[in-house]
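Asker:
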Amino acid sequence: MTDRLTIALIYGSGRQGRFADTIAGWLEPELAGFGQYDIIRIDPAELTFTPGGLDEPSAERVESLILQADAFLIVTPEYNHAYPAALKAIIDCCFRPWHAKPIAFVSYGGVSGGLRAVEQLRLVFAELHAVAIRDTVSLPHAWTQFDPAGNPFRPGQLSGQLAMLMKRLTWWANALKAARIATRYDEVAA
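Numbers given in my numbering equal positions in the sequence shown, counted from 1, plus 1.
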């Protein structure tokens with residue numbers, strides 16, 4: 002399958018002054034450079050939250066975007082050894098649209114580079130019948146890896162890691178898209 006894929010780029014943090022903007026600022030032109038993806042963005046800073054999660058218009062918007070996506074690339078920080086509440090609200094706003102779709106992670110944080118958040122997210126996405134791929138791009142002490150303009154100090158290293166991640170995500174996206182076309186996922190266990 003060589004069709005274009007729709008990749009949802011999901012920002013994990015909605016905090017003011019978040020570093021996710023720097024990471025996504027590097028990622029988006031890199032992804033565009035591959036030339037085979039249509040990128041849609043899900044950004045908690047553009048959504049409205051209530052004490053119970055997303056408000057109804059935001060939840061409907063997110064669900065619509067998740068339905069459109071063939072695969073997901075999640076940019077997540079690690080807050081207190083876990084992933085952010087805003088990301089959890091995005092994930093929990095729907096169930097079936099995640100089914101049989103692959104997820105990849107670009108994580109960042111302190112010494113662990115966000116990997117503790119990613120490990121928890123793998124468990125959450127397994128429950129949603131999504132496939133979290135093994136490869137990640139992890140950025141320990143992320144704020145030391147970019148200049149003030151948001152350019153990575155070692156662009157070749159990061160680009161190489163991202164290229165491998167995207168090759169694997171693309172393989173899974175194509176395989177699962179073909180499988181979903183052949184047989185609806187919710188019919189498998191019916």
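The beta carbon of each residue, even a glycine, is placed where N, CA and C say it ideally should be.
With a cut-off of 8 Å, do at least 3 Cβ pairs link the stretch 16 to 29 to the stretch 53 to 64?
Answerer: no
Asker: Output yes or no for whether 9 Å exceeds the beta carbon distance between VAL138 and SER113.
Answerer: no
Asker: Going by beta-carbon coordinates alone, are ALA70 and ILE134 separated by less than 9 Å?
Answerer: No, the Cβ-Cβ distance between ALA70 and ILE134 is not below 9 Å.
Asker: Kindly identify the DSSP beta-bridge partner or partners of VAL132.
Answerer: PRO103
Asker: Should SER14 be labelled buried (16 or more other beta-carbon atoms within 10 Å of its own) or exposed?
Answerer: buried
Asker: Check whether the Cβ atoms of LEU68 and ASP39 sit closer than 9 Å, and answer yes or no.
Answerer: no
Asker: Could you give the distance in angstroms between the alpha-carbon of VAL189 and the alpha-carbon of ARG181?
Answerer: Distance between VAL189 and ARG181, taken at the CA atoms: about 10 Å.
Asker: Between the alpha carbons of ARG62 and ARG123, how many angstroms are there, rounded?
Answerer: 24 Å
Asker: Decide if the stretch 157 to 175 is in contact with the stretch 84 to 99; the criterion is three or more beta carbon pairs, one per stretch, under 8 Å apart.
Answerer: no
Asker: Where does PRO78 fall in DSSP's three states?
Answerer: strand
Asker: Which whole-angstrom value describes the C-beta separation of VAL76 and ILE104, a residue pair presumed to lie in contact below a C-beta threshold of 8 Å?
Answerer: Actually they are not in contact, since the Cβ atoms of VAL76 and ILE104 sit about 12 Å apart, beyond 8 Å.
Asker: Using a Cβ-Cβ cut-off of 6 Å (strictly less than) and excluding sequence neighbours within five positions of TYR186, which residues of its own chain qualify?
Answerer: HIS100 and ALA101
Asker: Runs of 4 residues minimum, wholly inside the stretch 46 to 91: which ones carry the alpha helix (DSSP H) assignment?
Answerer: 57 to 69
Asker: Using C-beta distances below 8 Å, list every residue in its chain close to MET2, excluding the 5 sequence neighbours before and after it, in chain order.
Answerer: The predicted position of MET2 is uncertain, since its pLDDT is 47 and thus under 50; a value taken from the coordinates is nonetheless stated next. For MET2, where only same-chain residues beyond five positions count, the Cβ hits under 8 Å are ASN175, LYS178 and ALA179.
Asker: Which residue marks the beginning of the beta strand (DSSP E) containing ARG42, and which one marks its end?
Answerer: 38 to 43
Asker: For ALA90, which residues in the same chain have their Cβ closer than 7 Å to its Cβ, ignoring the five residues on either side in sequence?
Answerer: The answer, listed in chain order, is PHE50, GLY54 and LEU55.
Asker: If we count the other Cβ atoms within 10 Å of its Cβ and call it buried at 16 or more, is PHE106 buried or exposed?
Answerer: buried
Asker: Report the option in ALA118, MET167, ALA183 and THR184 whose CA atom is closest to the CA atom of LEU28.
Answerer: MET167
Asker: State the DSSP-derived secondary structure class of GLN98, mapped to helix, strand or coil.
Answerer: What sits at residue 98 in the sequence shown is Pro, not Gln. The three-state reading of DSSP puts PRO98 in helix, counting H, G and I together.
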